[in-house]
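Some notes on the structure that comes next.
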Amino acid sequence: AEAALMQSEKLAAVGRLASSIAHEINNPLESVMNLIYLARQHAALPIVQEFLDTADQELRRVSIIANQTLRFHKQTTRPQKRTGSDLFLSVLSIYEGRLRNLRIGVEHRHREKQPVTCLEGEIRQVLNNLVGNAVDAMPNGGRLLVRSREGVDWLSGRRGLFLTVADTGMGMSAKTRGRIFDAFFTTKGIGGTGLGLWISAEIVARHQGRIRIRSREEEPHRGTVASIFLPFEAASFQETRPDAG
Ligand code: ADP
403 AEAALMQSEK LAAVGRLASS IAHEINNPLE SVMNLIYLAR QHAALPIVQE
453 FLDTADQELR RVSIIANQTL RFHKQTTRPQ KRTGSDLFLS VLSIYEGRLR
503 NLRIGVEHRH REKQPVTCLE GEIRQVLNNL VGNAVDAMPN GGRLLVRSRE
553 GVDWLSGRRG LFLTVADTGM GMSAKTRGRI FDAFFTTKGI GGTGLGLWIS
603 AEIVARHQGR IRIRSREEEP HRGTVASIFL PFEAASFQET RPDAG
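Okay, structure coming up:
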């Protein structure tokens with residue numbers, strides 16, 4: 403328990419630091435983006451327009467990264483009781499249009515008798531990241547399975563809720579799999595930040611849960627299964643956020 407507390411103190415310190423860095427980054431970014439906007443109106447040479455376009459794109463990327471971190475740490479919610487199906491339904495509603503356009507079929511399987519106590523906004527952010535990754539992995543359509551069920555975590559012997567997102571997408575190599583939880587690791591080029599799973603792992607750790615992501619390396623293109631476990635009794639996850647409130 404002491405090791406867990408130390409870990410959570412570290413996370414809280416990292417959180418405060420990230421939050422203030424994001425804040426400090428955001429203000430100058432906005433003013434530079436405004437300056438670029440003005441410069442573009444006065445740039446006569448097409449090549450200069452192009453340079454400014456690129457500069458603007460890159461700055462937007464930094465801004466997304468900073469905002470993700472900031473939003474994550476500034477959330478000050480109280481723990482709430484939520485079922486897996488509630489959480490999934492609210493997250494999937496955001497994706498309705500994209501799922502239809504990409505011809506991705508969704509299957510829900512919810513077998514749970516009791517809700518879990520969690521920081522709702524944060525767990526929704528985790529599910530949003532997992533669903534977003536699943537959608538990104540299926541540019542040519544496929545099937546998305548979202549599942550919630552109660553069970554026992556074999557490692558700790560605790561009871562809790564398993565929330566699973568499975569896709570029939572491109573999967574990943576063992577090499578990629580080894581790095582997915584690293585901050586800024588992405589295979590999506592300019593379209594990715596590489597922060598989704600890094601943040602997700604932190605949030606799940608704060609709930610004293612576990613996150614697991616598997617692809618069949620020996621059989622590429624056979625999809626990925628991502629799941630999180632949230633214990634019913636997460637005794638102290640509030641205390642890991644002394645900066646909240
Ligand atoms: P991002 O989505 O911005 O790249 P993440 O941390 O969410 O950042 O994901 C890191 C990397 O993990 C992705 O770039 C991708 O290579 C891999 N990945 C995560 N989920 C999946 C998935 N469902 N299918 C295939 N690859 C995945």
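Last residue of the sequence shown: 647 (UniProt numbering), numbering continuous.
Ideal placement from N, C-alpha and C gives every residue a C-beta, glycine not left out.
Checklist entry - Cα-Cα, which of Ser558, Ile467, Val554 and Asp488 is closest to Ile525? => result Out of Ser558, Ile467, Val554 and Asp488, the CA that lies nearest to the CA of Ile525 is found in Asp488.
Checklist entry - When DSSP labels each residue in this structure, what does Gly573 get in the three-state scheme? => result coil
Checklist entry - Pairing CB atoms from the stretch 578-595 with CB atoms from the stretch 525-534, are three or more of them under 8 Å? => result no
Next on the checklist: So for Ala468, helix, strand or coil by DSSP?
Outcome noted: helix
Item to check | Span separating the alpha-carbon of Ile605 from that of Ala441 | outcome: 41 Å
Item to check | Start and end residues, beta strand (DSSP E) containing Phe634 | outcome: That residue, Phe634, is in no beta strand (DSSP E); it is neither H nor E in DSSP.
Next on the checklist: For Arg484 and Arg608, I'd like the C-alpha separation in whole angstroms.
Outcome noted: 17 Å
Checklist entry - Does any heavy atom of the ligand ADP sit closer than 7 Å to the C-beta of Thr519? => result no
Checklist entry - What does the shell around the ligand ADP hold, if a residue joins when its beta-carbon is under 7 Å from any heavy atom? => result Asn531, Gly534, Asn535, Ala536, Asp538, Ala539, Asp569, Gly571, Met572, Gly573, Met574, Thr578, Ile582, Phe587, Thr588, Thr589, Lys590, Gly594, Thr595, Gly596, Leu597, Gly598, Leu599, Trp600, Ile615, Ser617, Thr626 and Ala628
Item to check | contact_flag[the stretch 544-552, the stretch 578-587] where n(CB pairs < 8 Å) is 3 or more | outcome: no
Item to check | Residue(s) in a DSSP beta bridge with Lys483 | outcome: Note: Lys483 sits in a beta bridge opposite Thr519.
Next on the checklist: When you compare the CB positions of Leu565 and Ser550, do they come within less than 8 Å of one another, or not?
Outcome noted: yes
Item to check | beta strand (DSSP E) segment containing Leu546, residue limits | outcome: Gly544 to Val554
Checklist entry - Mind checking Ala446: buried by the 16 CB within 10 Å criterion, or exposed? => result exposed
Checklist entry - Considering only the beta carbon of each residue, do Gly559 and Phe631 sit closer than 8 Å? => result no
Next on the checklist: Among the candidates Glu514, Gly523 and Leu504, whose CA atom is the shortest distance from the CA of Ser492?
Outcome noted: Gly523
Item to check | Distance CB(residue 366)-CB(Gly571) smaller than 8 Å | outcome: Examination of residue 366 is not possible in this model, given that the chain is present from 403 through 647 alone.
Item to check | 8 Å contact criterion, which Val567 and Ala536 should meet: CB distance rounded | outcome: About 5 Å; that satisfies the 8 Å criterion.
Item to check | 8 Å Cβ shell around Leu461 - same chain, five flanking residues per side excluded | outcome: Leu431, Val434, Met435 and Ile438
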